[in-house]
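What follows is one structure encoded as structure tokens, with my remarks underneath.
2 protein chains.
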Amino acid sequence: MVTGFVGAGGAPRAVVRVRSVRETRAAVKCCASSTLHAAATSSPARALPRGFFRRWIAQFADYDPAQYLPFMIGNDALGSIEKEFALELQAASPDDEFVVELERCEIDGEFFLTVPGSVRLHPRLIELPSVQERSDRVERVLRVLQQQGAIQGWRNERQPVVAHFADKPFLEVERAAVPYLGCQSFGTHINGYVRRAAGPQGLYVWLSRRSRNKPTYAGRLDQMVAGGQPVGLSLSDNVLKECEEEATLRGALLDNLHMSGVVSYRYSTRKGLSTKTLFTYDIELPGDFEPVNSDGEVEAFMLVRARDALVQLTQEPDLWKPNSALVFLAWCVRHGVYTMEDDPDDWLSVTAALHPYSHS
Amino acid sequence: MVTGFVGAGGAPRAVVRVRSVRETRAAVKCCASSTLHAAATSSPARALPRGFFRRWIAQFADYDPAQYLPFMIGNDALGSIEKEFALELQAASPDDEFVVELERCEIDGEFFLTVPGSVRLHPRLIELPSVQERSDRVERVLRVLQQQGAIQGWRNERQPVVAHFADKPFLEVERAAVPYLGCQSFGTHINGYVRRAAGPQGLYVWLSRRSRNKPTYAGRLDQMVAGGQPVGLSLSDNVLKECEEEATLRGALLDNLHMSGVVSYRYSTRKGLSTKTLFTYDIELPGDFEPVNSDGEVEAFMLVRARDALVQLTQEPDLWKPNSALVFLAWCVRHGVYTMEDDPDDWLSVTAALHPYSHS
Numbered sequence: 001m002v003t004g005f006v007g008a009g010g011a012p013r014a015v016v017r018v019r020s021v022r023e024t025r026a027a028v029k030c031c032a033s034s035t036l037h038a039a040a041t042s043s044p045a046r047a048l049p050r051g052f053f054r055r056w057i058a059q060f061a062d063y064d065p066a067q068y069l070p071f072m073i074g075n076d077a078l079g080s081i082e083k084e085f086a087l088e089l090q091a092a093s094p095d096d097e098f099v100v101e102l103e104r105c106e107i108d109g110e111f112f113l114t115v116p117g118s119v120r121l122h123p124r125l126i127e128l129p130s131v132q133e134r135s136d137r138v139e140r141v142l143r144v145l146q147q148q149g150a151i152q153g154w155r156n157e158r159q160p161v162v163a164h165f166a167d168k169p170f171l172e173v174e175r176a177a178v179p180y181l182g183c184q185s186f187g188t189h190i191n192g193y194v195r196r197a198a199g200p201q202g203l204y205v206w207l208s209r210r211s212r213n214k215p216t217y218a219g220r221l222d223q224m225v226a227g228g229q230p231v232g233l234s235l236s237d238n239v240l241k242e243c244e245e246e247a248t249l250r251g252a253l254l255d256n257l258h259m260s261g262v263v264s265y266r267y268s269t270r271k272g273l274s275t276k277t278l279f280t281y282d283i284e285l286p287g288d289f290e291p292v293n294s295d296g297e298v299e300a301f302m303l304v305r306a307r308d309a310l311v312q313l314t315q316e317p318d319l320w321k322p323n324s325a326l327v328f329l330a331w332c333v334r335h336g337v338y339t340m341e342d343d344p345d346d347w348l349s350v351t352a353a354l355h356p357y358s359h360s
Numbered sequence: 001m002v003t004g005f006v007g008a009g010g011a012p013r014a015v016v017r018v019r020s021v022r023e024t025r026a027a028v029k030c031c032a033s034s035t036l037h038a039a040a041t042s043s044p045a046r047a048l049p050r051g052f053f054r055r056w057i058a059q060f061a062d063y064d065p066a067q068y069l070p071f072m073i074g075n076d077a078l079g080s081i082e083k084e085f086a087l088e089l090q091a092a093s094p095d096d097e098f099v100v101e102l103e104r105c106e107i108d109g110e111f112f113l114t115v116p117g118s119v120r121l122h123p124r125l126i127e128l129p130s131v132q133e134r135s136d137r138v139e140r141v142l143r144v145l146q147q148q149g150a151i152q153g154w155r156n157e158r159q160p161v162v163a164h165f166a167d168k169p170f171l172e173v174e175r176a177a178v179p180y181l182g183c184q185s186f187g188t189h190i191n192g193y194v195r196r197a198a199g200p201q202g203l204y205v206w207l208s209r210r211s212r213n214k215p216t217y218a219g220r221l222d223q224m225v226a227g228g229q230p231v232g233l234s235l236s237d238n239v240l241k242e243c244e245e246e247a248t249l250r251g252a253l254l255d256n257l258h259m260s261g262v263v264s265y266r267y268s269t270r271k272g273l274s275t276k277t278l279f280t281y282d283i284e285l286p287g288d289f290e291p292v293n294s295d296g297e298v299e300a301f302m303l304v305r306a307r308d309a310l311v312q313l314t315q316e317p318d319l320w321k322p323n324s325a326l327v328f329l330a331w332c333v334r335h336g337v338y339t340m341e342d343d344p345d346d347w348l349s350v351t352a353a354l355h356p357y358s359h360s
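Chains as they are written, first to last, in UniProt numbering: chain A, 1 to 360; chain B, 1 to 360.
Structure, rendered in structure tokens:
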């Protein structure tokens, strides 16, 4: 069974084969091969349901700030911690590593002033001479919560905690604890695409299907290449590494690769607050390029007409890894695949909401 | 004297001639022809001063909300009026057309509650059967203020007043009065560009120099094509009309034209609050295309390496029409000409600030 086709002109050429009927059904739904084979410029743009993206994108800003306390290190707010979890964190801190202060009311003459609470790293930890020592002390507390089952999915992988991407990290925490503390994570997503004809109707995107073995969003649709941003690697080096590992994309082809923007979001999950900033990259590829996965993280690649993939997203959003769908939507805005004409009442607010989390 | 060159490969070809020494100096500064002639891929990217865009972009969100009252028509907030001007508006309303209510304090049991004020269109005007009658009644008041010198630059051109772009206007007001009432305006800006080599270093943009006869920002740099969005014309029709009038851009070339995003801003001016939403379009053009102006609004066109134009903007921002520079900066973000690597501390906030005015 064939999930997608590539071919600069003449006969389509199969690129990936999948095995199960279930997989094939999803793939065919996604690729809409009859549309793929139609001449790119002659077939009309398939309609999008109005209002879908307004409702869909709301999930990426879905949290109640009143339920969270800022996580402060000195004067910097570096995360947001759900109030009940803050109390668990305090109870698990043998040496007051995390100092929790709930809201308080101050009386000054005739005015009542409610001061919002916070979770603070104890000054003793701030004064520790190394990131390593500080991070170890914090990890001791987090481990207690893991043993109690309050932190799930431990990965044994530390992530820097920063207010701004360019900051030197003052603390590193276990990756699984990041949402519980509401700290920011960063990632890089690369949109690979092919132009078969002029205009938005002539654009095709390379999508990957995530491996069934991935711990998160197994089997879902994703960008051609995507990955988290680890400590100690520049954005560019990380992108080149991911391009090589995930798609064997290398050499002169990379001349066309460029940063194209940023997508960010913040929403509540059962593990706390997911706060992510994804740096997006775009690369136009020649029609005869075929991505080949070498790190086992991708099950299949497919080349799909961009407009069809967007229509499909509105029909079955659950086929996608959610934040990758967000990155794809932002790409569609940049390339005129999703325009004001598609969604006159909502396009402006959807476009603005691609940046719901303020970086200020 | 030559301001810019086009040439797909071999000898550069002059496209525009300007007359005065002053003009030539500005043009040469802008075009940096020595850089233009260097091979696009071999010359290194010129450095940008860090932090420039953070400071520069702050002007597009520079206003104090506390100085303004919402302009309400029924339950819709359709503008923002500076408090002193609101009182002038009230004084000029013989029949209470504009009802001004300053902040008031409500006492409910033990709580004091400050209710923000507003400027409201009188219900009698809301009940009028036609937009025309309503707009005429409003114009009568605005004319009084014009005669008093409180509204300047009367154009005899009405603009729709809407909360959302797609809304049917309930009121139309004289264009010169729009900032005084703080109502939204809309425009379309088209980035025309040429690719001479792979990657951001190979991108060249077509810039126009506005005619010396334009009432605003005469002689400043602008997009290849740009214009306000008038009543009764769709976005696409307006863009096609502007492309034809301003650059003689027509026919099959337009297949590559697509909407690419939106830039919006709100800042205070001596005339009130400038609140604009600019729909941006991108079009990649063949190397042998030359824009020709036919409506007298453009004095000259020039093709400039994008990175050079961006560096030049940081050196002499006053050469540009400010909002056109903002649209150019957003284009540079999309095409990797201005990236995180250029401005590690500020790129994220600058990128986010391209949408400072919320559409919610």
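Glycine included, every Cβ here is placed at the ideal spot set by N, Cα and C.
Whole-angstrom C-beta distance between A/Leu221 and A/Leu253, which should lie under 8 Å:
A/Leu253 to A/Leu221, Cβ: 22 Å. No contact.
So what does DSSP say about A/Phe165, is it helix, strand or coil?
DSSP places A/Phe165 in coil when its eight states are reduced to three.
What residues from chain B crowd round A/Ala198, counting only those whose CB sits closer than 7 Å?
Going along chain B in sequence order, the residues near A/Ala198 (Cβ under 7 Å) are Asp255, Asn256.
Measuring only between beta-carbons, confirm whether A/Ser260 sits less than 8 Å from chain B.
Yes, contact with chain B.
7 Å Cβ cut-off: residues of chain A touching B/Glu157:
Taking the beta carbon of B/Glu157 as reference, no residue of chain A falls within 7 Å; the closest one sits roughly 23 Å away.
Start and end of the beta strand (DSSP E) containing A/Arg120?
118-121 is the extent of the beta strand (DSSP E) around A/Arg120.
Keeping to the same chain, check which residues put their C-beta closer than 7 Å to that of B/Ala39; ignore five residues upstream and five downstream.
In this prediction, B/Ala39 scores a pLDDT of 34, lower than 50, which makes its location untrustworthy; the coordinate-derived value is nonetheless stated afterwards. Taking C-beta separations shorter than 7 Å and ignoring five residues to either side along the sequence, B/Ala39 has no partners in its chain.
Roughly how many whole angstroms lie between the Cα atoms of A/Arg334 and A/Ala166?
In this model, A/Arg334 and A/Ala166 are separated by some 26 Å (Cα to Cα).
Tell me the DSSP bridge mates of A/Pro70?
Its beta-bridge partners are A/Ser80.
Touching by the beta-carbon criterion (3+ pairs, under 8 Å), the stretch 261-271 of chain A and the stretch 55-67 of chain A
Judged by Cβ distances under 8 Å, the stretch 261-271 of chain A makes contact with the stretch 55-67 of chain A, as three or more pairs qualify.
Could you check whether the Cβ of A/Trp320 sits closer than 7 Å to any heavy atom belonging to the ligand FAD?
Inclusion of the ligand FAD in the displayed structure is not the case, the ligand content being empty and no account of it being possible.
Report yes or no: is there a C-beta of chain B within less than 8 Å of the C-beta of A/Arg250?
Answer no: the Cβ-Cβ gap between A/Arg250 and chain B never drops below 8 Å.
Just to confirm, are B/Phe53 and B/Asp346 a CB contact at a threshold of 8 Å?
Taking 8 Å as the Cβ cut-off, B/Phe53 and B/Asp346 qualify as a contacting pair.
I want to verify the contact list: residues of chain B whose CB lies under 7 Å from the CB of A/Gly228, in sequence order.
Those within 7 Å of A/Gly228 in chain B number zero; the least Cβ separation is about 16 Å.
Measuring CA to CA, which of A/Asp64, A/Arg195, A/Met340, A/Leu233 is closest to A/Glu82?
The residue with the shortest Cα to Cα distance from A/Glu82 is A/Asp64.
CA-CA distance, A/Val350 and A/Phe328?
Rounded to whole angstroms, A/Val350 and A/Phe328 show a C-alpha spacing of 13 Å.
Take the Cβ of A/Cys31 as the centre, count every other Cβ of all protein chains shown within 10 Å, and call the residue buried at 16 or more, exposed below.
Since pLDDT at A/Cys31 reaches only 42, below the 50 mark, its modelled position is unreliable, and no value is offered.
Contact set between the stretch 83-117 of chain B and chain A, restricted to residues whose Cβ is under 8 Å from the partner:
Closer than 8 Å at the C-beta level to chain A, one finds no residue of the stretch 83-117 of chain B.
In chain B, which residues lie with their C-beta within 7 Å of the C-beta of A/His189?
Neighbours of A/His189 on chain B: none; closest Cβ ~14 Å, over 7 Å.
For my contact list, A/Leu313 and A/Ala325 are in at a C-beta cut-off of 8 Å; report their separation, rounded to the angstrom.
With 8 Å as the limit, A/Leu313 and A/Ala325 qualify as a contact, their Cβ atoms being about 6 Å apart.
What residue range is occupied by the uninterrupted alpha helix (DSSP H) comprising A/Pro196?
Reading off the sequence shown, one finds Arg at residue 196 of chain A, where the question assumed Pro. Under the DSSP assignment, A/Arg196 falls outside any alpha helix (DSSP H); it carries neither an H nor an E label.
Looking at chain B, is there any beta carbon in it that lies within less than 8 Å of the beta carbon of A/Ala40?
The predicted model places A/Ala40 with a pLDDT of 38, which falls under 50 and marks its position as unreliable, so this point remains unresolved.
Output, in sequence order along the chain, the residues in the stretch 342-358 of chain B whose CB is closer than 7 Å to any CB in chain A.
The residues in question are Pro344, Asp345, Leu348, Ser349, Thr351, Ala352, His355, Ser358.
Looking only at its chain, what residues have a beta carbon closer than 6 Å to the beta carbon of A/Val292, apart from the 5 residues adjacent to it on each side?
Around A/Val292: Thr248.
Just to make sure I have the definition right: I need the residues of chain B whose C-beta is within less than 7 Å of the C-beta of A/Val333. Which are they?
By Cβ distance, chain B contributes Gly261.
Going by beta carbon distance, what residues of the same chain come within less than 7 Å of B/Val21, once the five residues before and after it are set aside?
Confidence at B/Val21 is low in this model, with a pLDDT of 34, below 50, so the placement of that residue should be treated as unreliable; the coordinate-derived value is given next. So the list is empty, once near-sequence residues are dropped.
Going by C-alpha to C-alpha distance, which of A/Lys321, A/Ser268, A/Ser234 sits closest to B/Glu341?
Closest option to B/Glu341, judged by alpha-carbon separation, among A/Lys321, A/Ser268, A/Ser234: A/Ser234.
C-alpha distance - A/Leu125 paired with A/Glu245, whole-angstrom precision
Whole-angstrom Cα-Cα distance: 38 Å.
Chain B contacts made by the stretch 220-245 of chain A, where a contact means CB separation under 9 Å
Those residues of the stretch 220-245 of chain A that come within reach of chain B (Cβ to Cβ, closer than 9 Å) are Ser234, Leu235, Ser236.
Output, in sequence order along the chain, the residues in the stretch 156-186 of chain A whose CB is closer than 7 Å to any CB in chain B.
Within the stretch 156-186 of chain A, the residues whose Cβ lies closer than 7 Å to some Cβ of chain B are His164, Phe165, Ala166, listed in chain order.
8 Å Cβ cut-off: residues of chain B touching A/Thr339:
His258, Met259, listed in chain order.
Under 8 Å by Cβ, that's how I've got B/Leu319 and B/Trp206 pegged, so tell me the actual separation to the nearest angstrom.
Contact doesn't hold; Cβ gap of about 16 Å is too wide.
Strictly below 8 Å CB to CB, what residues from chain B border A/Ser277?
Note that residue 277 of chain A is Thr in the sequence shown, not Ser. Those within 8 Å of A/Thr277 in chain B are Leu348.
Could you tell me whether any Cβ in chain B is nearer than 8 Å to the Cβ of A/Gly336?
Yes, A/Gly336 lies at the interface with chain B (some Cβ there is under 8 Å from its Cβ).
Output the distance between the C-alpha atoms of A/Asp178 and A/His258, rounded to the nearest integer angstrom.
What sits at residue 178 of chain A in the sequence shown is Val, not Asp. Rounded to the nearest angstrom, the two C-alpha atoms are 29 Å apart.
At the level of alpha carbons, what is the spacing between B/Leu102 and B/Leu89?
If you take the alpha carbons of B/Leu102 and B/Leu89, they lie about 13 Å apart.
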